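Residue numbers (this note's numbering): 72 to 744. C-beta atoms are modelled at their ideal positions from N, C-alpha and C, and glycine is treated no differently. No experiment lies behind these values; they were computed from the predicted model shown.
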Amino acid sequence: MYAPAATAGRRGSGGGPPRAGSGASAGSGGARALLRRRRGRLIGAGAALLLGLGAVLLGGGSWPGGLTVDVSAPLDRAGDWIIDNRDGHPLFLYFLGHVSNAVVVCVRGVYLLLLGLGWAGVTAAAGLVAWRLAGVRLALVSVAAFAACGLLGMWVPTLQTLALMVVAVLASVVLGALLGLAAGLSGRMDRVLRPVLDTMQVLPAFAYLLPVVLVFGIGVPAAVLATVVYAAPPMARLTALGLRGADAGVMEAAASLGATGRQRLLTARLPLARKELLLGLNQSIMMALGMAVIASVIGAGGLGDRVYQALASVDVGAALAAGVPIVLLAVVLDRVTAAAGARLGSAPAPGPAGPGRTAALAPAALAAAIAGIAAAGHLTGRLGWPRAWTVDTAGPVNRAVDWMTAHLYSGVPVVGGTADWASHFTTGVLNPLRSGLQWLPWWSVLLAVGALALLIGTWRTAATAVLAMAAIGVLGVWRPALDTLSQVLAAVAVTLLLGFVLGAAAARGGRPERLLRPVLDVFQTMPQFVYLIPVVALFGVGRAPAVAAAVVYALPAVVRITAQGLRAVDPGAVESARSLGATGRQQLLQVRLPLARPALLLAVNQGVVLVLAVVVIGGLVGGGALGYDAVFGLAQGDLATGLVAGAAIVCLGLVLDRVTQPTERRTHTGKGA
């Protein structure tokens with residue numbers, strides 16, 4: 072979803088658009104604009120004609136029942152067959168069963184290792200590794216973060232989440248690196264993998280849970296394998312990008328010295344791509360953490376399970392106590408891996424003599440220090456976090472929420488309250504939008520999707536979008552999908568309004584940028600699940616809280632991409648406008664925004680994809696629609712309901728991606744990522 076190439080740990084951190092040009096390119100740009108206008112008129116006229124014909128020939132109404140296919144019965148039979156044959160079929164006995172057992176053994180082994188190190192050993196290991204990779208400052212931050220996990224009484228769930236993450240990250244990095252090697256060294260493999268990775272990028276996290284639950288059932292193996300599949304694409308994309316971007320001069324020099332293909336890969340391509348490899352590791356770690364938290368719905372345990380159980384009982388205090396360690400882990404992992412990547416990227420490539428003696432002895436020294444601290448913990452008998460060192464935050468937080476509910480939730484003079492805002496937004500925006508979409512004839516929705524996709528893309532893009540939208544109707548979830556679409560459209564509108572305003576302010580630099588940067592940094596590292604906690608505290612449950620969480624989740628990417636695009640505008644064009652007496656507002660509206668159009672379109676695309684990801688998860692807090700069906704199917708073991716909802720979510724994600732992603736960007740992404 073986020074980042075890699077667009078949505079990962081730091082969502083929307085992909086490269087910005089090329090700098091807008093001027094001068095000789097103005098004529099060709101004007102010609103392209105004229106062609107776009109003519110094409111838009113033709114598409115509009117064709118859509119109007121088809122609209123009239125559809126009204127006469129097809130009438131109105133929702134998706135016809137005769138065009139639906141009942142897949143529930145086959146899915147139920149498939150689920151029953153899997154359950155009946157899980158203990159006897161050769162596929163399960165000799166392959167899937169071994170995979171499941173291996174995952175359980177690995178996760179349990181890592182968990183027991185962490186328990187054996189004790190709280191002092193784990194905390195010291197985090198600090199020493201951070202010190203080695205990123206410096207003293209981040210080492211202190213890491214120690215403080217792990218200490219906070221213990222103080223909040225979440226030490227054991229934190230270790231459970233870490234154990235699952237270690238196994239999932241190692242597997243996803245290996246898988247992603249192998250796929251990236253294949254795509255980076257073979258153009259044919261790159262063309263095969265690119266559409267697969269593009270599709271995986273737009274899939275919400277819930278869509279990954281459903282197939283593995285069907286095969287492996289509820290439990291740790293399904294959670295780990297879903298996390299691996301979810302976190303591998305960033306590593307694959309960035310590995311391929313680094314290998315394809317290797318300096319041609321260095322590669323020619325290596326070839327002229329008689330190096331074989333394997334030697335060129337190991338001694339030239341991979342060292343030159345080390346920065347991209349570290350960035351891929353960073354984003355895979357962040358995506359793995361986000362998925363490991365969401366996978367609590369299918370029995371992953373750990374911190375995510377505590378958040379899930381607390382949200383189910385609307386216990387904001389308990390949810391916050393588990394949510395804070397998730398945020399701390401995300402921040403520490405993001406900062407340490409990013410700092411390590413920056414340090415490694417700025418360091419010279421290792422020479423033929425190999426690393427120095429100090430660098431070679433450093434891992435051994437770290438291991439010895441960690442072992443010594445762990446041994447001290449064993450001798451003192453203090454492996455688990457001392458119960459006396461925990462702080463109960465759930466009670467005070469719940470009392471604060473009760474006070475907010477009594478004083479801010481409703482009845483506030485003049486401004487109303489947060490519940491009133493949510494109610495007004497639901498009745499004034501969400502309900503009319505949902506009713507309007509569900510009132511539209513089904514064929515007019517398909518026509519609108521096709522026209523939008525054709526307007527900014529190609530016939531192939533339009534055909535893909537229309538077929539994906541039609542598949543939703545064929546699956547029999549047309550009305551719930553339009554309900555989800557109404558929430559996405561409302562959240563995207565708010566996100567783009569706030570994102571463009573804040574992005575324009577950040578692009579000017581100065582105090583707004585300094586104030587926004589740390590906030591965006593923290594928000595971009597938080598897993599999706601965590602955003603549900605504050606919105607439930609403020610707005611209760613329902614569709615409005617789901618929309619609010621989606622806005623907060625997608626806003627940082629939109630702000631960053633908008634600011635980056637506005638800063639990349641050709642200074643000569645801005646200076647020319649200034650010399651002609653244009654005011655700051657005129658420069659923004661008539662020069663900067665038009666020239667930053669590629670970045671703004673990218674911001675729209677990323678905003679839509681990220682909003683959909685959280686609107687679906689909003690089914691946990693009363694968002695309803697497809698998100699509720701997916702959650703219900705996973706929680707109740709109703710695989711037919713869950714898989715149909717998941718497939719519809721995938722189709723809706725493809726539709727939204729195709730109607731907001733211009734052809735130029737897809738071409739650029741394919742070449743550069």
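C-alpha gap between residue i and residue j, whole angstroms
i: residue 145; j: residue 662; result: 57 Å
i: residue 515; j: residue 527; result: 19 Å
i: residue 724; j: residue 522; result: 17 Å
i: residue 311; j: residue 695; result: 39 Å
i: residue 668; j: residue 659; result: 12 Å
i: residue 387; j: residue 490; result: 16 Å
i: residue 638; j: residue 510; result: 43 Å
i: residue 670; j: residue 265; result: 22 Å
i: residue 160; j: residue 154; result: 10 Å
i: residue 268; j: residue 478; result: 48 Å
i: residue 403; j: residue 228; result: 17 Å
i: residue 557; j: residue 617; result: 12 Å
i: residue 532; j: residue 480; result: 45 Å
i: residue 459; j: residue 465; result: 16 Å
i: residue 89; j: residue 377; result: Because residue 89 sits at a pLDDT of 44, beneath the cut-off of 50, its placement in the model cannot be relied upon, and the point is left open.
i: residue 476; j: residue 495; result: 17 Å
i: residue 686; j: residue 609; result: 17 Å
i: residue 410; j: residue 347; result: 13 Å
i: residue 220; j: residue 291; result: 22 Å
i: residue 693; j: residue 344; result: 45 Å
i: residue 325; j: residue 169; result: 43 Å
i: residue 492; j: residue 250; result: 48 Å
i: residue 175; j: residue 256; result: 34 Å
Test item: CB-CB of residue i and residue j under 7 Å
i: residue 683; j: residue 593; result: no
i: residue 297; j: residue 366; result: yes
i: residue 679; j: residue 712; result: no
i: residue 302; j: residue 243; result: yes
i: residue 520; j: residue 545; result: no
i: residue 389; j: residue 401; result: no
i: residue 715; j: residue 674; result: no
i: residue 217; j: residue 197; result: yes
i: residue 306; j: residue 351; result: yes
i: residue 171; j: residue 277; result: no
i: residue 664; j: residue 626; result: no
i: residue 535; j: residue 697; result: no
i: residue 461; j: residue 192; result: no
i: residue 304; j: residue 271; result: yes
Below-7 Å beta-carbon distance, residue i vs any chain B residue
i: residue 409; result: Absent here is chain B; the protein component of the structure consists of one chain.
Residue i, DSSP secondary structure in three states
i: residue 499; result: helix
i: residue 487; result: strand
i: residue 141; result: coil
i: residue 517; result: helix
i: residue 75; result: Interpretation of residue 75 is limited by its pLDDT of 39, a score under 50 that renders its predicted location unreliable; the figure taken from the coordinates is listed afterwards. Looking at residue 75 - three-state DSSP - the assignment turns out to be coil, as it is neither helix nor strand.
i: residue 328; result: coil
i: residue 632; result: helix
i: residue 729; result: helix
i: residue 306; result: helix
i: residue 289; result: coil
i: residue 640; result: coil
i: residue 315; result: helix
i: residue 459; result: helix
i: residue 157; result: coil
i: residue 69; result: Because the chain in this structure spans residues 72 to 744, residue 69 falls outside the shown range and cannot be described.
i: residue 653; result: coil
i: residue 595; result: coil
i: residue 225; result: coil
i: residue 37; result: Lying before the first or after the last residue shown, residue 37 is absent from the chain, which here runs from 72 to 744.
Residue i Cβ short of 6 Å to the ligand PLP heavy atom set
i: residue 364; result: As far as ligands go, the structure on display features none, and thus does not contain the ligand PLP.
Could you tell me whether the stretch 498 to 506 touches the stretch 560 to 569, where touching means 3 or more Cβ pairs closer than 8 Å?
yes
Closer than 8 Å is the cut-off here; do at least three beta carbon pairs connect the stretch 621 to 630 with the stretch 381 to 398?
no
Check whether the stretch 231 to 242 touches the stretch 370 to 387, counting contact only when three or more Cβ pairs, one atom from each stretch, lie closer than 8 Å.
yes
Should the stretch 540 to 554 be regarded as contacting the stretch 133 to 149, the criterion being three or more beta carbon pairs within less than 8 Å?
yes
Determine contact between the stretch 577 to 595 and the stretch 633 to 649, defined as no fewer than three beta-carbon pairs at a distance below 8 Å.
yes
Within the chosen definition, does the stretch 335 to 353 reach the stretch 277 to 291 through at least 3 CB pairs nearer than 8 Å?
no
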